[in-house]
Amino acid sequence: MGALLSSAAVARRPAAPKTAVALETEAGVIVIAIQAKEAPASSGAFLAQVRGGRYDGGSFFRTVRPDTDTSQIPIRVIQGGTRDDGVPLAEAPIAHEDTRRTGLTHVDGAVSLPRAGIGTTTATSFFVSVGAQPALDFGGMRNPDGQGFAVFGKVICGMDVVRAIQSRPTSASSPSPAMQGQILEAPVRILRARITQPRCAKRG
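Here's what the structure looks like:
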């Protein structure tokens with residue numbers, strides 16, 4: 001039985017990513033390994049936005065952390081999005097790829113698509129988990145329907161940049177009550193987003 005469980009665990013292990021996206025931001029570089037095999041719809045939509053240049057000039061604009069999160073099920077994430085100007089890329093509704101199906105969970109550095117109801121997801125925005133966030137997985141209740149959010153990648157370089165963004169000051173004003181107090185006073189601009197290899201550049 002132990003050998004069978006071990007084999008199943010190996011089979012469930014996510015495939016090694018072949019693609020990554022490097023986000024050059026004002027605060028530093030963040031590299032996201034894309035889990036295209038496990039989450040093809042979510043990752044494909046995100047990569048389409050990157051190829052279309054929609055994240056160039058976008059920003060990280062939101063931080064959710066203990067002092068900004070009023071939910072009874074608190075989380076720690078930062079959220080980034082495409083730029084507002086220009087014509088957005090047209091995209092069909094993205095099928096919800098829940099963590100039960102993909103096997104990709106909200107570990108530290110997991111990258112996911114935000115949503116309201118099922119079928120409302122777009123790839124014009126994404127969020128990064130800071131620390132493990134099981135409330136965002138299938139069965140977690142951060143979203144009341146319990147379906148969780150769709151992980152499609154993981155930060156492999158630049159979590160120090162992510163944490164620095166998360167700690168920045170926020171403003172009391174917000175475009176929605178759910179984000180009250182979570183919008184950064186000075187959004188961190190994404191200068192360029194480029195498809196690259198899943199590896200980190202050497203420092204120093």
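With the UniProt record's numbering, letter number 33 in the sequence shown gets 33, and the count goes up by one each step, no holes.
Glycine included, every Cβ here is placed at the ideal spot set by N, Cα and C.
These numbers come from a predicted model, not from an experiment.
V29 and V161: beta carbons closer than 8 Å? yes
Here's a check: name, in chain order, each residue in its chain whose Cβ is nearer than 7 Å to the Cβ of A41, leaving out the five neighbours to either side. I94, A95 and E97
Quick check on this structure: which residue in R194, R142, I32 and E24 has the alpha carbon closest to the alpha carbon of I73? R142
I need the DSSP call for A186, collapsed to helix, strand or coil. strand
State the start and end residues of the unbroken beta strand (DSSP E) segment that holds V161. Segment M159 to Q166 is the alpha helix (DSSP H) holding V161; no beta strand (DSSP E) there.
Helix, strand or coil for R13, going by three-state DSSP, please let me know. coil
Would you call the CB atoms of F60 and S112 closer than 8 Å? no
Excluding sequence positions up to five away, which residues of its chain have a Cβ less than 6 Å from the Cβ of G119? P93
Classify P17: buried if its beta carbon has 16 or more other beta carbons within 10 angstroms, exposed otherwise. buried
Specify the secondary structure class of G28 as computed by DSSP and reduced to three states. strand
Helix, strand or coil: which one does DSSP assign to A193? strand
Beta-carbon proximity of I190 to L23, cut-off 8 Å: yes
For Q133, which residues from the same chain have a beta carbon less than 6 Å from its beta carbon, with the 5 sequence-adjacent residues on both sides left out? I75 and H106
Which of helix, strand or coil DSSP assigns to T70: coil
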